[in-house]
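So the mapping is simple: the numbering used here equals the position in the sequence shown, first residue as 1, plus 371. For glycine and all other residues, C-beta sits at the position ideal for the given N, C-alpha and C.
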Amino acid sequence: MLTHERTQLENNSVVLVLLVIFLSATDYSSESSESSVNSKISKILFTIWGLSILKIVGRIFSFRAAEKSYGTANTKLVAVYMKHEHEQGALFVPSNMKGYKYLVIGEEQQAEAEPPSYEPKLRNDAAVTTIEDVWRCEGRLFKGSSRGRYRDMCLSFALFKLIKMRFDGYPQVEDESKSRTLVRDGLLFEDDDGKRAFEVVKSELGFLRDLFHTKHPVASNPWILICNFVLFATIAMALWIEMMIDRKTDAKHAITKVLVSLLILAEIWEFISYHFSDWGKVILICKYVKNYRPAFDRYHVDKILRVILWRNLSCRSLSEKLEQFSLLNSLNSCCTCSRCCYSLAYCLPGASRKLNERLRKEKPIRLKAEVKKAIFLSLKKLLASERVVLTNGITTLAELGHEDRLGWACGFGDHARADEHTHMHTIMIWHVATALCEMKLPPKKKKGEGLRSELESRAAVATSLSKYCAYLVVFAPEFLPIHGHSSKIMFKQMLVEACRACPPRGICRKITYDNVVSVEDSRPTIISKGVKLGKQLMNDVKEDAERWELLERFWAELILFLAPSKDAMAHASKLEEGGEFITQLWALLYHARVEERSPEKNEPAGEHV
372 MLTHERTQLE
382 NNSVVLVLLV
392 IFLSATDYSS
402 ESSESSVNSK
412 ISKILFTIWG
422 LSILKIVGRI
432 FSFRAAEKSY
442 GTANTKLVAV
452 YMKHEHEQGA
462 LFVPSNMKGY
472 KYLVIGEEQQ
482 AEAEPPSYEP
492 KLRNDAAVTT
502 IEDVWRCEGR
512 LFKGSSRGRY
522 RDMCLSFALF
532 KLIKMRFDGY
542 PQVEDESKSR
552 TLVRDGLLFE
562 DDDGKRAFEV
572 VKSELGFLRD
582 LFHTKHPVAS
592 NPWILICNFV
602 LFATIAMALW
612 IEMMIDRKTD
622 AKHAITKVLV
632 SLLILAEIWE
642 FISYHFSDWG
652 KVILICKYVK
662 NYRPAFDRYH
672 VDKILRVILW
682 RNLSCRSLSE
692 KLEQFSLLNS
702 LNSCCTCSRC
712 CYSLAYCLPG
722 ASRKLNERLR
732 KEKPIRLKAE
742 VKKAIFLSLK
752 KLLASERVVL
762 TNGITTLAEL
772 GHEDRLGWAC
782 GFGDHARADE
792 HTHMHTIMIW
802 HVATALCEMK
812 LPPKKKKGEG
822 LRSELESRAA
832 VATSLSKYCA
842 YLVVFAPEFL
852 PIHGHSSKIM
862 FKQMLVEACR
872 ACPPRGICRK
882 ITYDNVVSVE
892 DSRPTIISKG
902 VKLGKQLMND
912 VKEDAERWEL
922 LERFWAELIL
932 FLAPSKDAMA
942 HASKLEEGGE
952 FITQLWALLY
962 HARVEERSPE
972 KNEPAGEHV
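Written as C-alpha cells, this is what we have:
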C-alpha cells in the first residue's frame with residue numbers, strides 16, 4: 372500500500388535527522404570537560420534525541436492502528452459486513468437514511484472470526500457507528516444551516532470505505548438496488564443541481580487522497596496523538612524555558628533554541644492539522660453521536676465542536692478546474708515549423724516521442740455550476756430509466772429526433788462499420804463538429820454587459836465538455852475506455868489530417884472556419900467526418916438554441932459513458948495533484964452501480980475497457 376511505503380520513507384528520514392542530532396550531542400559531550408555550557412547543550416540535544424525516539428515509537432503504534440482501521444484486513448471485514456448489510460432490514464429510506472447501516476467507524480474494534488469459514492465478523496453491531504445512527508441523532512449539532520454538512524461528511528467517509536474495496540481487489544458486494552437508490556433518491560434527490568452529490572463525492576475522494584498521499588490515516592488514533600503531543604510539547608517547553616533563563620547569546624545556544632522552537636512548532640502544527648482535518652472531524656462527530664445525551668445541549672457541547680469543525684486547516688481541496696484542449700485552436704496557434712514536425716511524426720517513429728508535449732493545452736477553466744447541472748440532469752434521467760445502461764450520446768439524439776440523420780457519428784447506422792468506429796472516433800468527430808459550431812457563435816459578452824443568455828450557457832457547457840474530453844484523449848487516455856497504443860497511432864494520423872485543414876498561426880477565425888469546412892477528402896478521416904457532422908448540425912438543426920441544447924445534452928451523456936474505468940490506480944495517482952473531474956463521475960457511478968455500457972452493434976472487440 373502506498374501509505375506504508377510513504378510511512379517507511381518518512382521514518383527513514385526521521386532516523387537520519389536523529390543521527391545528526393545524536394552526533395551533534397556526542398560532539399558537545401566530548402567537549403563538556405572544557406565548558407559547562409557545552410555540557411548543558413549536550414544534555415538538551417540528548418533529551419531531544421530521546422524524545423524523537425519516543426515519537427518514532429508513537430508513529431509506529433499509530434501506523435499499526437491505521438493499518439487495523441484502514442488496511443486490507445479491515446477492508447475484508449467491511450466487505451463481509453456489506454455483503455449481508457441489506458439483510459438487517461428490508462425497508463430503506465435515503466431521505467433520512469433509515470435502513471442504511473453503512474459503517475462509519477468502530478468496526479475494527481468489534482472484529483472476530485468464527486468457524487467454519489473464519490471470515491471476520493462484528494461481535495456487536497450496536498458498538499459501531501453507522502450512517503443510520505448519524506441521521507437518527509437529534510443533537511443540536513445537527514440543527515441549523517450546517518446540519519447537512521456534518522452528516523454528509525460521515526456519509527463521505529462511509530462511501531470512502533466502500534470505494535476502497537476497489538483498490539484492495541474486492542468486488543462490489545453491497546445490495547445493488549439499495550446502493551443505486553441512495554444515489555438516485557438521496558444524493559440526487561434535492562433540487563440543487565447536483566451540488567450536494569458532487570460535494571459528498573469530493574469529500575470522499577479527499578479521504579482517498581489522504582490515504583494514499585498524506586499521513587492523516589497514520590495519525591488515526593487520537594489518544595496516541597494526544598499523549599505524544601503532551602509529552603513532547605511539555606518537555607520541549609521546559610527545555611525552552613531553561614534556555615531562556617540561562618540568557619546565553621552565543622551561537623551554540625542560538626542554534627539550539629532554533630532547533631527546539633522548530634520542534635515545538637512542528638508538534639503543535641501536527642496536532643492542530645489532524646484535529647482540524649476531515650479525519651479528526653469524522654471521529655469527533657461519531658463520538659458525539661454515540662455518546663449523545665440531552666445534557667450535551669445544556670452544556671453547549673455543540674458550540675465547542677462547531678469551533679473545531681469550522682475549518683479544514685490541513686490540506687487543500689480537490690481541483691475545481693476543467694482542463695481544456697482544442698485540436699483546431701492548437702494547430703491554428705502553431706508555427707509552420709511545429710506543423711512540419713507533426714507531419715514528420717507520421718513518417719518517422721522517433722519524431723513522435725514528444726508529440727503531445729508540443730501540443731498546446733488551453734488555460735484550464737473553472738468548473739461551472741452549469742456543467743454540473745447538465746451532468747446532474749443526465750444522470751438523474753439515466754437512473755430513472757427502466758434499464759440503467761450508459762450510452763454514448765445516441766439516447767440524446769433519439770430523444771430529440773436526430774438519431775436517423777446523426778446516429779452515424781456515434782457508430783450507429785448501416786454505414787458504420789465495426790472496424791472503423793471506436794470511442795475515440797466518437798469523441799474527436801463530435802469535438803471537431805462542436806468547434807465548428809462554436810466558430811459560428813456571436814462574440815461573447817464582456818463582463819458587466821448583463822447575464823448570459825440560455826444559448827450562451829448551453830454553448831459554454833458543450834464546448835467546455837468537448838474540450839475536456841479532447842484533453843483526456845490527448846493527455847490522459849488512461850482515464851478513458853480506449854487502448855493506449857492504438858489511440859496514439861490514431862491520434863498521430865489525425866494530427867497530420869488536421870494540419871492539412873488548419874491555416875498557420877495568425878489567421879483570423881473566419882478563415883480558419885472556411886479552411887476547415889472546405890476540407891474534401893476521399894478517405895473517411897476523423898477530420899472529414901467531423902466537418903461533415905458540423906455541416907449537418909448547422910444545416911439540419913437550424914435554430915441555434917436547439918442545436919446547442921442537443922450538443923449540451925450529448926456531451927453530458929457522453930462523459931458519463933466514458934467515466935467508468937477499471938484502472939482505479941490511475942484515478943488515485945492523480946488525486947495528489949488535485950484530481951480530474953472525471954474521477955468524481957467515476958466515483959458517483961461506482962456507488963450508483965452503473966458500469967454497463969450499451970452493447971453497440973458496431974463496437975470493436977476489445978474496445979470495451
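For serine 466 versus methionine 524, is the C-beta distance shorter than 8 Å?
-> no
Burial state of glutamine 480 (16 or more Cβ within 10 Å) = exposed
What is the rounded straight-line gap between the Cα of glutamate 914 and the Cα of leucine 807?
-> 15 Å
In whole angstroms, what separates the C-alpha of leucine 754 from that of phenylalanine 560?
-> 11 Å
Between which two residues does the alpha helix (DSSP H) containing arginine 776 stretch?
-> 774–777
Would you mind working out which of Ala927, Ser548 and Gly782 sits nearest valine 832, comparing C-alpha positions?
-> The shortest CA-to-CA distance from valine 832 to any of Ala927, Ser548 and Gly782 is the one to Ala927.
Can you grab the Cα-Cα spacing for the pair proline 665 / tryptophan 506, in whole Å?
-> 16 Å
Under 8 Å between C-beta atoms of methionine 799 and alanine 847 | No, these two residues do not count as a Cβ contact at 8 Å.
Indicate whether glutamate 868 and alanine 941 have their beta-carbon atoms separated by less than 8 Å.
-> Result no, Cβ atoms of glutamate 868 and alanine 941 do not sit closer than 8 Å.
The ligand MN heavy atoms versus the CB of phenylalanine 925: any closer than 7 Å?
-> Ligands are entirely absent from the displayed structure, and the ligand MN is therefore not among its contents.
Inspect the CB distances between the region 529–547 and the region 446–454 and report whether three or more fall short of 8 Å.
-> yes
Identify which residue in Thr767, Leu493, Ser688 and Ala745 has its Cα closest to the Cα of phenylalanine 578.
-> Ser688
Mark tyrosine 471 as exposed unless 16 or more other C-beta atoms lie within 10 angstroms of its C-beta, in which case mark it buried.
-> Counting Cβ neighbours within 10 Å, tyrosine 471 comes out buried, since at least 16 surround it.
With DSSP collapsed to three states, give me the class of threonine 446.
-> helix
Among the residues of its own chain, which have a CB less than 7 Å from the CB of phenylalanine 569, if the five just before and after it don't count?
-> Lys743 and Gln955
At what residues does the beta strand (DSSP E) containing valine 571 begin and finish?
-> Unbroken run through valine 571 is the alpha helix (DSSP H), 566–584; no beta strand (DSSP E).
Close Cβ partners of alanine 943 (< 6 Å) along its chain, the five nearest in sequence each way excluded | Around alanine 943: Phe583.
Tell me which same chain residues have a C-beta within less than 8 Å of the C-beta of alanine 498, skipping the five on either side of it?
-> Result list for alanine 498: Gly477, Gln480 and Gln481, in chain order.
Taking 8 Å as the cut-off, decide whether the C-beta atoms of tyrosine 670 and glycine 510 are in contact.
-> no
With DSSP as the reference, please indicate the residues paired to valine 845 in a beta bridge.
-> According to DSSP, which records beta bridges pairwise, valine 845 is partnered with nothing at all.
Whole-angstrom Cβ separation of glutamate 733 and lysine 838, contact assumed at under 8 Å?
-> 7 Å
Could you name the residues that DSSP lists as bridge partners for proline 491?
-> Under DSSP, proline 491 takes part in a beta bridge, and its partners are Ala484.
If you draw a straight line from the alpha carbon of lysine 972 to that of serine 936, how long is it in whole angstroms?
-> Low local confidence applies: a pLDDT of 46 at lysine 972 is under 50, so the model's placement there is unreliable, and no value is given.
Cβ atoms of valine 760 and valine 902: under 8 Å apart, would you say?
-> No.
List the endpoints of the continuous alpha helix (DSSP H) containing valine 660.
-> 649–661
Inter-residue spacing [alpha-carbon to alpha-carbon] between isoleucine 897 and histidine 796 | 7 Å
Status (buried if at least 16 other CB within 10 Å, exposed otherwise) for glutamate 483 | Per the 10 Å Cβ criterion, exposed.
Secondary structure of arginine 664, DSSP reduced to three states = In this structure, arginine 664 counts as coil in the three-state DSSP scheme.
Under 8 Å between C-beta atoms of aspartate 673 and leucine 553 | no
Under the three-state DSSP convention, the category threonine 501 falls into = strand
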